[in-house]
Amino acid sequence: MKTILAVVGGALALFLTIAMFGGAGWTHPPMAVKQTGFRGTGMDLIRTRAGNEALSEANRAPAPADPADAGGEKASAVYENVQVLGDLSAEQFNRLMVSITEWVAPQQGCTYCHSTENMASDELYQKRVARRMLQMTQYINSSWKENHVHQAGVTCYTCHRGNPVPANIWFDHPVQGAGRFRPRNNSQNLASPEVGNTSLPYDVYQAFYQHKETSEDAVRVNATTALPETKGKPIQDAEKTFAIMISMSQSLGVNCTFCHNTRSVAQWDTSTPNRVHAWYGIRMVRDLNQDYMTPLTSTFPRNRLGVLGDAPKINCATCHNGANKPLNGANVIEPYPELSHPTISVSLPTGEAKDPIPGTDKPTPKP
1 MKTILAVVGG ALALFLTIAM FGGAGWTHPP MAVKQTGFRG TGMDLIRTRA
51 GNEALSEANR APAPADPADA GGEKASAVYE NVQVLGDLSA EQFNRLMVSI
101 TEWVAPQQGC TYCHSTENMA SDELYQKRVA RRMLQMTQYI NSSWKENHVH
151 QAGVTCYTCH RGNPVPANIW FDHPVQGAGR FRPRNNSQNL ASPEVGNTSL
201 PYDVYQAFYQ HKETSEDAVR VNATTALPET KGKPIQDAEK TFAIMISMSQ
251 SLGVNCTFCH NTRSVAQWDT STPNRVHAWY GIRMVRDLNQ DYMTPLTSTF
301 PRNRLGVLGD APKINCATCH NGANKPLNGA NVIEPYPELS HPTISVSLPT
351 GEAKDPIPGT DKPTPKP
């Protein structure tokens with residue numbers, strides 16, 4: 001009996017060996033591995049080559065429009081109600097308007113924002129929102145250039161990708177309150193794409209991305225000493241931290257070691273520079289949501305608001321779309337210098353917006 005089992009086992013092993021080397025579908029696809037940290041720590045970004053190519057193709061920046069003459073009459077002299085870009089020449093202004101149409105509403109065309117009866121009219125909410133988004137783009141490229149977007153910058157296409165509404169936006173989640181026969185669910189145990197379809201809390205964007213006044217240690221749940229010296233954070237906070245980390249990983253198409261050292265995820269001095277960029281990125285998102293998106297609540301029609309009546313807001317995926325560098329790190333702002341700095345301020349109706357150029361004081365990463 002032992003002899004028979006040995007023969008069968010040997011034959012099976014031989015078959016599996018032959019299949020492994022020669023059988024289609026038995027080997028893993030060609031892999032692309034990029035080391036992101038110290039050798040021997042497993043800090044690698046691992047994707048298939050085909051996946052890398054598909055991701056790169058999906059994040060290809062469009063070719064910029066041909067340059068326009070900066071001479072001639074100003075846009076504000078040629079057209080009515082040009083409140084933000086009036087200092088551009090008429091040709092430069094038209095070039096940017098054509099580019100924005102291609103970036104945001106290629107199917108709908110100019111009339112997505114402009115009235116066919118009167119192009120200068122502000123009757124369409126899309127135009128009023130677009131005006132504010134132009135200012136937000138200028139603000140990002142100037143105030144957040146040093147600490148986050150750097151030389152690459154952003155344009156409308158970075159988020160919109162040819163769609164009037166960016167694919168990755170978020171709204172406040174209604175709290176599932178306790179009823180007579182239903183306990184409070186603590187905003188979890190309900191699969192949500194925001195947290196990788198896990199049972200982790202799904203309201204983490206509200207907790208971490210909505211307000212600039214969010215506590216500096218809101219995400220940190222690790223102790224800084226071997227033994228506790230003070231009362232620690234509850235397990236619910238740890239679950240929210242795991243949830244936001246999963247969301248960021250999905251947004252950038254990376255794993256934990258893209259930012260963190262495997263030996264100690266909380267330790268700053270052995271983390272990668274990507275962690276500092278991410279730290280500033282979180283604060284940039286809070287800045288934009290509080291000063292640009294939320295004030296537009298009264299501008300959007302009800303059907304464009306969330307179930308709680310809140311305006312659409314930004315998260316990491318809004319710009320990154322699954323790539324660690326939006327649009328593969330292409331320098332998209334150089335061909336459009338008019339989007340690289342604030343131009344003319346605009347006064348919007350009361351309740352629609354705050355100061356168009358908010359303060360630029362930003363903190364330093366807290367260990």
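For the record, in the sequence shown the residue sitting at position 88 is 88 according to the UniProt record's numbering, with numbers rising by one throughout. Glycine residues also receive a C-beta, built at the ideal position from the N, C-alpha and C atoms. Predicted model, so just to flag it, every value in this text is computed and none were measured.
Just reading off the beta strand (DSSP E) that residue i is part of, what are its end residues?
i   : result
R47 : 44-48
Q35 : 31-35
Let me confirm a value: residue i is counted as buried when at least 16 other C-beta atoms fall within 10 Å, else exposed. Which label applies?
i    : result
D217 : exposed
P234 : exposed
P228 : exposed
Q210 : buried
C156 : buried
E73  : exposed
T17  : exposed
G253 : buried
L308 : exposed
V149 : buried
L12  : exposed
C110 : exposed
K240 : buried
A120 : exposed
H28  : exposed
How is residue i classed by DSSP in three states: helix, strand or coil?
i           : result
S264        : strand
V346        : Note that V346 has pLDDT 45, beneath the 50 cutoff, so the model's placement of it is unreliable and the number below is only indicative. Note: V346 maps to coil in three-state DSSP.
I333        : coil
A11         : helix
K313        : strand
K325        : coil
T3          : helix
S192        : coil
S56         : helix
M293        : helix
residue 368 : Nothing in the structure corresponds to residue 368, since the chain is present only between 1 and 367.
H114        : coil
Could you please give the first and the last residue of the uninterrupted alpha helix (DSSP H) stretch that includes residue i?
i           : result
C259        : C259 -> no alpha helix (DSSP H), and no H or E assigned at all.
I140        : 125-143
D237        : 235-252
I282        : 273-288
residue 407 : Outside the shown range of the chain, which is 1 to 367, sits residue 407, and nothing can be said about it.
F171        : Per DSSP, F171 belongs to no alpha helix (DSSP H) and is neither H nor E.
T158        : 156-160
A207        : 204-208
V78         : 75-78
Name the residue from the options whose alpha carbon lies nearest to the alpha carbon of residue i.
i           : options                : result
N59         : N324, Y336, S340       : N324
N154        : A105, D122, P62, Q108  : Note that residue 154 corresponds to Val in the displayed sequence, not to Asn. It is P62 whose Cα lies nearest to the Cα of V154.
N321        : T116, Q35, Q250, E334  : Q250
L296        : F242, R131, E73        : R131
I282        : N197, S298, A317, G309 : A317
R286        : I314, V7, E194         : I314
P342        : F258, G306, S142       : S142
V165        : N328, P326, R304, A75  : R304
Y280        : C259, V129, L55        : C259
E91         : N81, S115, D66, T111   : D66
N81         : A311, H114, V276, G10  : H114
T101        : R161, P335, L5         : R161
V129        : W170, A70, Y112, W144  : Y112
W170        : R47, Q206, Q290, R39   : Q206
residue 370 : Y79, Q107, A152        : With the chain covering 1 to 367 only, the question about residue 370 has no answer from this structure.
Give the C-beta separation of residue i and residue j to the nearest angstrom, bearing in mind that I take them to be a contact with Cβ-Cβ under 8 Å.
i    : j    : result
T299 : Y125 : 6 Å
V84  : Q135 : 6 Å
D172 : D310 : 5 Å
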